[in-house]
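Residue numbers (this note's numbering): 1413 to 1566.
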Ligand code: ZN
């Protein structure tokens, strides 16, 4: 078990674009395993590799129904709209209401390199959108719904 340090807002790596994964090797598997441990330790529902300082397009998500490992993920379908409060392990102590699609479908590779399709509604759709934004250097506070602002939450 290896818990990696989560980068916090203000760290310039969080605004960088992550590169695609090309090698499905032991280094990737180690990263995925460490990201899982880090996610569960922090009690989050999603974590992107950039949040542990690795600029690769890798995300882990668990919205209470099991762990998903998404490699080179992309949103291929979005429908509807939701306005809900959102937070981020890299932006501790605050939440804000964002505008997200109600349903998304994500195409991603698994650790064997096979392409799979995942559907998310509600919380899971938010989580997919939030984590994929991290891969393009975008934080949820840049996606606040009109008129919304960050609120403290301790
Ligand atoms: Zn986040």
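Just so it is clear, CB atoms sit at the ideal spot from N, CA and C, and this is done for glycine as well.
Please return the same chain residues whose Cβ sits closer than 8 Å to the Cβ of residue i, not counting the five positions on each side in sequence.
i            : result
residue 1378 : Residue 1378 is absent from the structure shown; the chain starts at 1413 and stops at 1566.
residue 1467 : 1425, 1428, 1429, 1430, 1431, 1461
residue 1493 : 1511, 1512, 1513, 1514
What number of angstroms, rounded off, separates the C-alpha of residue i from the C-alpha of residue j?
i            : j            : result
residue 1452 : residue 1558 : 32 Å
residue 1567 : residue 1433 : Coverage of the chain is limited to positions 1413 through 1566, which leaves residue 1567 absent and any answer about it impossible.
residue 1419 : residue 1488 : 28 Å
residue 1556 : residue 1436 : 35 Å
residue 1464 : residue 1502 : 10 Å
residue 1484 : residue 1446 : 18 Å
Under the rule that 16 or more other beta-carbon atoms within 10 Å means buried, what is residue i, buried or exposed?
i            : result
residue 1414 : exposed
residue 1427 : exposed
residue 1498 : buried
residue 1417 : exposed
residue 1422 : exposed
residue 1532 : buried
residue 1526 : exposed
Relative to the C-alpha of residue i, which residue among the options is closest?
i            : options                : result
residue 1528 : 1491, 1480, 1546, 1515 : 1480
residue 1536 : 1442, 1446, 1441, 1458 : 1458
residue 1456 : 1547, 1539, 1482       : 1539
residue 1478 : 1530, 1492, 1525, 1516 : 1530
Would you call the CB atoms of residue i and residue j closer than 8 Å?
i            : j            : result
residue 1534 : residue 1514 : yes
residue 1444 : residue 1462 : no
residue 1475 : residue 1551 : no
residue 1505 : residue 1439 : no
residue 1541 : residue 1523 : no
residue 1562 : residue 1553 : yes
residue 1516 : residue 1490 : yes
By Cβ distance below 7 Å, which residues in the same chain neighbour residue i in space, the five residues on each side in sequence not counted?
i            : result
residue 1449 : 1413, 1414, 1415
In chain order, what residues of the same chain have a beta carbon less than 6 Å from the beta carbon of residue i, not counting five sequence neighbours either side?
i            : result
residue 1509 : 1495, 1497, 1557, 1560
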